[in-house]
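Enquirer:
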Amino acid sequence: MSQRVKETIPGPRGGILARHLTAYEADPAGFLDDCRRRYGDVFRFDTGVVVVTDPELVTEVLARTNRDSVPNANPLQGGRFPTAEQTRRWMDARQLAAPIFRSAALPGRLPVVRAALAADLDALDGAWFDPAEECWAICVRALLPLYLPDESPALVDAVLGSFDAARGAAEAAVRVPSWMPSRLRRRVRDADQRVRDTLSPMLEAPAEGPGEGPDEGSARTGTMLGHIRAQPDAVPADIAMGAMGFTLLGAIGTMGAAWCWILYHLAAHPDAARRIRAEAGTATGVDDDPARALPYTWAFAQEVLRVRPPAWLLGRDAVTAVTLGGFEVPAGTAVMFSPYLMHHDERWWADDPHRFAPERWLDGARPHAPGAYLPFASGPRGCLGSHLGLAVLALTAAHITTRQELDVPELESITTYFGPSTLTPSGMRARLTAR
Ligand code: HEM
């Protein structure tokens, strides 16, 4: 990499987007890939927006998050950067929540997740549904037993409401980032408040009953609520709220979208589905170590996240000027990167990245250049629940193939929607019927 700081980042004057919005919207990934071929691995995309497509540089940006960049500013907060104090408190909440999601903690937790998932999948029996509508609630209900000892329809509703409001606002923000209508802002704020109002009494109530006392707060088996209560020092309310509410909210969009793509690829690759069925039908120790007990199913989930990474476009906002690949990137620039693009770039993959091939993950060797597989991002703000997320996807594939028949008609007419926050299948109908 050249150490020389070049003066301008390549790309047309004034940026690409203003004059090519229609072409971009028609095929966002193809358009970005075309820019990459034309301008190189660092190109100027729009005023104040730079796209980076080299995995080494992307890894560098992600590793420096919280130091010289922050995750993209939220237009709902007027596009302001979080303050250093806000970031510090979120990192405290992350740290508090982390033991619940660690892979070593899965054996104690996976049975409840699996049971919740199975109940929802079985409840769909015989009905036609659009996975891109059902997936969010299914994921919240699958994760909720990790948070609370009892069911809480009120929290499920509040979390889904908040997620829905944020998603609606993200769609609108694509076109009106700087003057987000106040109606949308209010809707998001109200929905967010409902989550807080639902969670606050739970966090404030004295511990009582099974699953809530300090004994149940063990990092191995307890719920997030028990874990927070078991802390030796009282946890400040905003940090408890972050660990309880915002980790759950952070999971839904990506988990839900990935869940849809699992169904799609099971239907699109019947040979893979048969192999998963055979593996899951005889597997033992799934709750202890699903990656080891279900190696092919796990590889299938990894491959689904490769071909359809839900977070297909991510970014960081530079809070200080940075040098990237020899270019000077001024403070305030949004540095974007696309896991989707990197996952399909022949330069970074040992075998044809355009082929759906779970086997590429099986022989233990990494099938890609370092940093080229990023479904969970990386660095200090990477995904907190990556192992759990993969486990939920593998368990979904295992349950469906062993217990249900999956029908997805007209596969060829299903398209990929490159949304502002996630990648989802569009025009998909599915039916699960008990075997
Ligand atoms: C297959 C499922 C999942 C995928 C593909 C996924 C993907 C991601 C990605 C790409 C990010 C980084 C976003 C960025 O860099 O701006 C992220 C962040 C996050 N994820 Fe996941 N995720 C999944 C499941 C989960 C689960 C199960 C949880 C926990 C219950 C979770 C909790 C979080 C949280 C809290 C963050 C925010 C991290 C921060 O800002 O510090 N995710 N996820």
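Numbering follows the working numbering, with no gaps: position 146 of the sequence shown is 146.
Backbone N, C-alpha and C fix where the C-beta goes; we use that ideal spot for every residue, glycine too.
These figures come from a predicted structure and were not determined experimentally.
What is the rounded straight-line gap between the Cα of residue 68 and the Cα of residue 360?
Expert: Distance between the alpha carbons of residue 68 and residue 360: 35 Å.
Enquirer: Assuming residue 296 and residue 275 are in contact, meaning their beta carbons sit under 8 Å apart, how far apart are those beta carbons, in whole angstroms?
Expert: Correct: roughly 5 Å between the Cβ atoms.
Enquirer: Counting C-beta neighbours from all protein chains within 10 Å, is the total for residue 25 16 or more, i.e. buried, or is it exposed?
Expert: Exposed, since its Cβ has fewer than 16 Cβ neighbours within 10 Å.
Enquirer: What residues match up with residue 71 in a beta bridge as DSSP calls it?
Expert: Its beta-bridge partners are 316.
Enquirer: Using 8 Å as the cut-off, can you tell me whether the segment 297 to 314 makes contact with the segment 354 to 373, which would need three or more C-beta pairs spanning the two stretches below that distance?
Expert: They touch, by the three-pair rule.
Enquirer: Taking just the CA atoms, how far does residue 201 sit from residue 387?
Expert: Whole-angstrom Cα-Cα distance: 30 Å.
Enquirer: Would you say the segment 281 to 291 touches the segment 388 to 400, given that touching needs at least three Cβ pairs under 8 Å?
Expert: A contact exists between the segment 281 to 291 and the segment 388 to 400.
Enquirer: Who are the near neighbours of residue 101 in its chain, counting only those whose CB is closer than 6 Å to its CB and skipping five residues on each side?
Expert: Around residue 101: 384, 385 and 388.
Enquirer: Roughly how many angstroms lie between the CA atoms of residue 411 and residue 268, to the nearest whole one?
Expert: One C-alpha to the other measures close to 7 Å.
Enquirer: Would you mind stating whether residue 340 and residue 248 have Cβ atoms separated by less than 8 Å?
Expert: Cβ atoms of residue 340 and residue 248: not closer than 8 Å.
Enquirer: In chain order, what residues of the same chain have a beta carbon less than 8 Å from the beta carbon of residue 232, not counting five sequence neighbours either side?
Expert: Closer than 8 Å at Cβ, skipping near neighbours: no residue.
Enquirer: Would you tell me roughly how many angstroms separate the C-alpha atoms of residue 222 and residue 113, rounded to the nearest one?
Expert: Whole-angstrom Cα-Cα distance: 13 Å.
Enquirer: Nearest to residue 171 by alpha carbon, out of 424, 426, 420 and 434?
Expert: The candidate whose alpha carbon is nearest that of residue 171 is 420.
Enquirer: Among residues of its own chain, excluding the 5 on either side of residue 440, which ones have a beta-carbon nearer than 6 Å to its beta-carbon?
Expert: For residue 440 there is no data in the structure shown, the boundaries of the chain being 1 and 435.
Enquirer: Mind checking whether the beta-carbon of residue 240 lies closer than 7 Å to any heavy atom of the ligand HEM?
Expert: False, no ligand heavy atom lies under 7 Å from that Cβ.
Enquirer: To the nearest whole angstrom, what separates the beta carbons of residue 424 and residue 165, a pair I think is in contact under 8 Å?
Expert: About 17 Å separates the two Cβ atoms, so there is no contact after all.
Enquirer: May I ask you to list the residues that DSSP assigns as paired with residue 328?
Expert: BP columns for residue 328 point to 323.
Enquirer: Hey, is residue 311 close to the ligand HEM, as in C-beta under 7 Å from one of its heavy atoms?
Expert: Yes, the beta carbon of residue 311 sits closer than 7 Å to at least one heavy atom of the ligand HEM.
Enquirer: May I ask you to list the residues that DSSP assigns as paired with residue 42?
Expert: Residue 42 pairs with 52.
Enquirer: At a cut of 8 Å, does the segment 79 to 92 reach the segment 366 to 374 through at least three beta carbon pairs?
Expert: Result no; under three Cβ-Cβ pairs closer than 8 Å.
Enquirer: Does at least one heavy atom of the ligand HEM sit under 7 Å from the Cβ of residue 416?
Expert: No, since every heavy atom of the ligand HEM falls outside the 7 Å radius drawn around the Cβ of residue 416.
Enquirer: Just to confirm, does residue 260 get its C-beta within under 7 Å of one of the non-hydrogen atoms of the ligand HEM?
Expert: Flag unset: Cβ of residue 260 not near the ligand HEM.
Enquirer: Which one or two residues does DSSP pair with residue 334 in a beta bridge?
Expert: Per DSSP, 49 and 317.
Enquirer: How long is the line joining the alpha carbons of residue 5 and residue 325, rounded to whole angstroms?
Expert: With a pLDDT of only 45 at residue 5, under 50, the local geometry of the prediction cannot be trusted, and no value is derived from it.
Enquirer: From which residue to which residue does the beta strand (DSSP E) around residue 426 run?
Expert: First-last of the beta strand (DSSP E) with residue 426: 423 to 426.
Enquirer: In the DSSP assignment, the beta strand (DSSP E) including residue 233 goes from what residue to what residue?
Expert: Counting along the chain, residue 233 falls outside any beta strand (DSSP E), and DSSP gives it neither H nor E.
Enquirer: Buried or exposed for residue 432, going by 16 or more other Cβ atoms inside 10 Å?
Expert: Answer is buried; the Cβ neighbour count reaches 16.
Enquirer: Helix, strand or coil for residue 279 per DSSP?
Expert: Helix, per DSSP.
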